[in-house]
Amino acid sequence: MPVAKPESSDSRVIAHVDMDCFYVQVEQRKQPQLRGLPTAVVQYNEWKGGALIAVSYEARKFGVKRSMRGEEAKEVCPQVQLVQVPVARGKADLSGYRNAGSEDGNDVKENVRKWIHRHNADHRDKLLACGILIVAELRMQVLKETEFTCSAGIAHNKMLAKLASGMNKPAQQTVVPFSSVKGLLDTLPIRKMKQLGGKLGISLQMDMGVNTVGDLLQFPEEKLQERYGINTGTWLWNIARGISGEEVEGRLLPKSHGSGKTFPGPRALKTVPAVQHWLNQLCEELSERLCSDLDQNKRIAHTLTLHARAYKSSDSDSQKKFPSKSCPLRYGTAKIQEDAFNLFQAGLREYIGFYGGKTQGSHCSGWGITSLSVSASKIVPIPSGTCSIAKYFQGQSTSHFSSMQSSDNLNTEATLSLPSGSECYSEVNLSEPKIDFPKEESWIKDTVPDLDLQEQKDLSSPLSEKTQDGFIQEDISPLLLSGCLEQNRSKQQRDLTKDESQFKSEYKERKGKRLKDKGTYSIIELFKSYNPNPSGSFLSHEYNRTVGGTDASSSSYSRDEEEGRREAWGYNIDEIDPSVMEELPTEIQDEIKAWMQPHKRRPNNMVKRSCTISHYFSPSKKS
DNA sequence: ACGGATTCAACG
DNA sequence: TCGTTGAAT
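Heads up: the first sequence runs through residues 2 to 624, numbered per the numbering used here.
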């Protein structure tokens, strides 16, 4: 019973949540008729049908890939639905996706944080199991509130969580228990690891003959250090062993904003006025976003940076790079435009060198700009006591560039954005019931499983059946959360999946895939193996009930599904069986008590949710 | 004519 | 600090 406890220092529970082909989902939500169809988002359309920047999983089956041109996509998948990114100011405008990514940011963040306030579990896997449940619930909530599905990985560190989140996409979550780490990494192609997808990974392959993470194990730490430096070397040595101390940063807002555009080949900008025109466009967008940030988040950026890429048509070191330049950032569109232009000119002078001048008379400037971007960084919160923002800015020093005043247009729009991309890490401090997450944190990552009815039956069936299916023997593979509820599917999704036969075939497909995995565990199995009292476990009761309910009325759960969910997942804190507590390690008991005390009386559903987890460790569920 | 635009971290 | 480079998506 007492599972031989392998020693590994890191018993954090970390989850990585990753939205599935996010831009596509945004478009599909906007145009529901696109749901279920092979879909891709392209930006621009003039040249070869535009560039794909997001591809739905249906389209991926046809071989459509990111970084294809629209025309290529049509070749491999004629039915593919191509949705264009909106254009504003002559450039791709990503604000729609940015905004979709941040919508509800507050609620989500608050909810997630609170959910995770409590914890219990006694062993590594139980800790992970706790994470599984939280993440499953989280994903469900995300789907319900945003209509977006996501995938997740749960593991003991960030690296593994991230890895796992991509293993079963879309709309599923994957757990990596400690015991499966070695087996997982052993055959994993080295380039799949985060940070090894580029030059370093190639060097590892070419120079060291390392093709899998497992191959790395042979090299002594010192060897790696002398080849790649002290930092990278030790880092490599550790990740080969599944060790990563990287911490989760609880950041919700971006650290910078940028606006840029490329001008490939023939479109390169060859005159200063042309550059100025585009700089003005870029600065206008940037200024708008800065104002939104100021408005919504009460913070200001302090540094403006200009980047450019250029070529020199005639003459020597065409290798030379256009230098990036930065200066203090002054708010106001015109000021930003002016400063950016000055930065550009400074960079250009430097780039051209000394005889750059005007060797080619009036027509050819001798240079061309192939990309331009302006960005704002060093964004800090406004001093809280600042009553008048206008006054605050007047107090700002002027930039060192001579500049005129000008009409500041402090626009106010909403653009609260999450960190970049469509993934999100959340970390929580378990030992502290408060807002900040310190040491013992949990990483939560989350995705929505996409299971059909049959799969649900699997879930509700006796635990042993799953075991007999034979895919959970070895302990060397990641756990797949194979049980989640019909609730996880949104109304729209359900309507789309009316075709029952397609449904089943997909199910088979997935099941087959799962069998190929070295081992997958159902969530119930996981609990069973560590639960002293396997019999009528609380969990299976709950799943049975839930499945039964949704099965019959597999419509949407618009009305009292809210109630249904609570019934299934939420329990009042007072219902916690004291015997459950006694089973837990004392530290965890203490945490729970500490958490319960101050909140005891809050009739908040948050409280209920929190208690749900405790119940999962209950040996005997009280009806 | 590079998949474009964006963000971030590490490093010198 | 600034600027560059690499990486990921």
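Beta carbons: idealized from backbone N, C-alpha and C, even for Gly.
Item to complete: Would you tell me roughly how many angstroms separate the C-alpha atoms of residue 181 and residue 80, rounded to the nearest one?
Response: 41 Å
Fill in: Residues near residue 345 by beta carbon distance below 7 Å, same chain, minus five either side
276, 280, 307 and 309
Practice prompt. Name the two residues that bound the continuous alpha helix (DSSP H) containing residue 147.
Written response: 125 to 147
Worksheet item: Helix or strand or just coil, what does DSSP make of residue 163?
Response: helix
Worksheet entry | Beta-bridge partners of residue 67, as assigned by DSSP | In DSSP, residue 67 forms no bridge with anything.
Practice prompt. Give the DSSP bridge partners of residue 384, in chain order.
Written response: Paired residues: none, contrary to the question.
Discussion item. Taking its Cβ as the centre, do 16 or more other Cβ atoms sit within 10 Å of residue 272, making it buried, or is it exposed?
Written reply: exposed
Worksheet item: For residue 102, which of 126, 19, 370 and 128 has the nearest alpha-carbon?
Response: 19
Worksheet item: Which stretch, first to last residue, makes up the beta strand (DSSP E) that contains residue 218?
Response: No beta strand (DSSP E) contains residue 218, which DSSP labels as neither H nor E.
Discussion item. Tell me the rounded alpha-carbon separation between residue 153 and residue 48.
Written reply: 36 Å
Worksheet item: Is residue 267 helix, strand or coil by DSSP?
Response: helix
Worksheet item: Looking at the structure shown, is residue 373 part of a helix, part of a strand, or coil, going by DSSP?
Response: strand
Fill in: Element boundaries [beta strand (DSSP E), containing residue 19]
15 to 20
Practice prompt. Give a yes or no on whether the C-beta atoms belonging to residue 347 and residue 326 are separated by under 8 Å.
Written response: yes
Discussion item. Since residue 191 and residue 185 should fall inside the 8 Å C-beta cutoff, what is the C-beta to C-beta distance between them, to a whole number of angstroms?
Written reply: The Cβ separation is near 13 Å, so there is no contact.
Worksheet entry | Spatial distance of residue 366 from residue 324 (CA atoms) | 18 Å
Worksheet item: On the premise that residue 213 lies in contact with residue 237, defined as a C-beta separation below 8 Å, what is that separation, rounded to the nearest angstrom?
Response: About 13 Å; that fails the 8 Å criterion.
Worksheet item: When you compare only the Cα positions, how much space is there between residue 296 and residue 286?
Response: 15 Å
Item to complete: Classify residue 307 as helix, strand or coil using the three-state DSSP reduction.
Response: strand
Discussion item. Could you give the first and the last residue of the continuous alpha helix (DSSP H) run that contains residue 182?
Written reply: 182 to 187
Worksheet item: Relative to the C-alpha of residue 282, which residue among 331, 313, 339 and 330 is closest?
Response: 339
Practice prompt. Note down the Cα distance separating residue 164 from residue 193, rounded to an integer number of angstroms.
Written response: 8 Å
Item to complete: Return the residue from the list 352, 16, 351 and 369 that minimises the CA-CA distance to residue 160.
Response: 16
Worksheet entry | residue 438 versus residue 234 - alpha carbon distance | Below a pLDDT of 50, predicted positions are generally treated as unreliable, and residue 438, at 23, falls in that range; no measurement from the model is reported.
Worksheet item: With DSSP run on the structure shown, which of helix, strand or coil describes residue 38?
Response: coil
Worksheet item: How would you write the range of the beta strand (DSSP E) that residue 176 sits in, first residue to last?
Response: 174 to 176
Worksheet item: Taking residue 241 as the reference, which of 342, 258 and 222 has the closest Cα?
Response: 222
Worksheet item: For the beta strand (DSSP E) that contains residue 329, what are its first and last residues?
Response: 326 to 329
Fill in: Assigned secondary structure, residue 203 (DSSP; H/G/I helix, E/B strand, else coil)
helix
Worksheet entry | Opening and closing residue of the beta strand (DSSP E) in which residue 83 lies | 82 to 85
Practice prompt. Return the first residue and the last residue of the alpha helix (DSSP H) that residue 314 is part of.
Written response: Per DSSP, residue 314 belongs to no alpha helix (DSSP H) and is neither H nor E.
Worksheet item: Based on the DSSP output, what are the partners of residue 151 in its beta bridges?
Response: 20
Discussion item. If the criterion is Cβ atoms closer than 8 Å, does the pair residue 93 and residue 45 meet it?
Written reply: yes
Discussion item. Short of 8 Å in beta carbon distance, which residues of its chain neighbour residue 28, apart from the five on each side in sequence? Order them along the chain.
Written reply: 35, 40, 42 and 84
Worksheet entry | Exposure label - residue 21; buried when at least 16 CB within 10 Å | buried
Practice prompt. Using 10 angstroms around the beta-carbon of residue 72, count the other beta-carbons present and answer buried if the total reaches 16, otherwise exposed.
Written response: exposed
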